[in-house]
Amino acid sequence: MSRHASSKPVRDAAPAWVPMLPREAEAKVVELAKEGKQPAVIGLILRDSYGIPSVHELTGKKIAQIMKDAGVSGKLPQDLQNLIQRSIHLQEHLAANSRDLHNMRGLELMEARIRGLAKYYQSRGELPSEWSYTRGGARLLVD
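Everything in the sequence shown is counted per our numbering, starting at 4 for the first residue and increasing by one.
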């Protein structure tokens, strides 16, 4: 770690001053997830608006796990979904600007990243083994 970077204090439990109980925090996570918020955004909202420095320290579970247990998580892991959304945006740009070779190369690299990440999630069992990414079917995956 760099000398100039800040780091979170080492703790295994939530501080005593946290205003919510673990079950209340889990309920708030589920409520925000039903509104369509991503796990990272939920963490920021809970930190800034509700004074919860770490959901994991308070509840013992990560936000994504709480969402999965409540059945409100998405079909795809969030990082994979974000990459697919970026590739869709790039495809729309390339449809209007077909001679943009730099972004065509960027799309190819992004699709390689998507396939690599999908392979990782398939090996962990978080995606079915027959799941595959295609440029034409990308929009169907995130809608």
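C-beta: ideal position from N, C-alpha, C; glycine also.
| Query | Result |
| --- | --- |
| Supposed close pair I91, A141 - CB separation, criterion 8 Å | 5 Å |
| For Q41, three-class secondary structure by DSSP | coil |
| DSSP three-state assignment for T62, whether helix, strand or coil | helix |
| Chain-order list of residues whose beta-carbon lies under 7 Å from that of I66 (same chain, five-residue window excluded) | V32, P42, I45, G46 and V58 |
| Three-state class that DSSP yields for H92 in the structure shown | helix |
| Helix, strand or coil at V32 [DSSP, three-state] | helix |
| Closest Cα partner of R50 within the set P22, R14 and E111 | P22 |
| Three-state secondary structure (DSSP) of R138 | coil |
| CA-to-CA distance, G54 to A121, given in whole angstroms | 35 Å |
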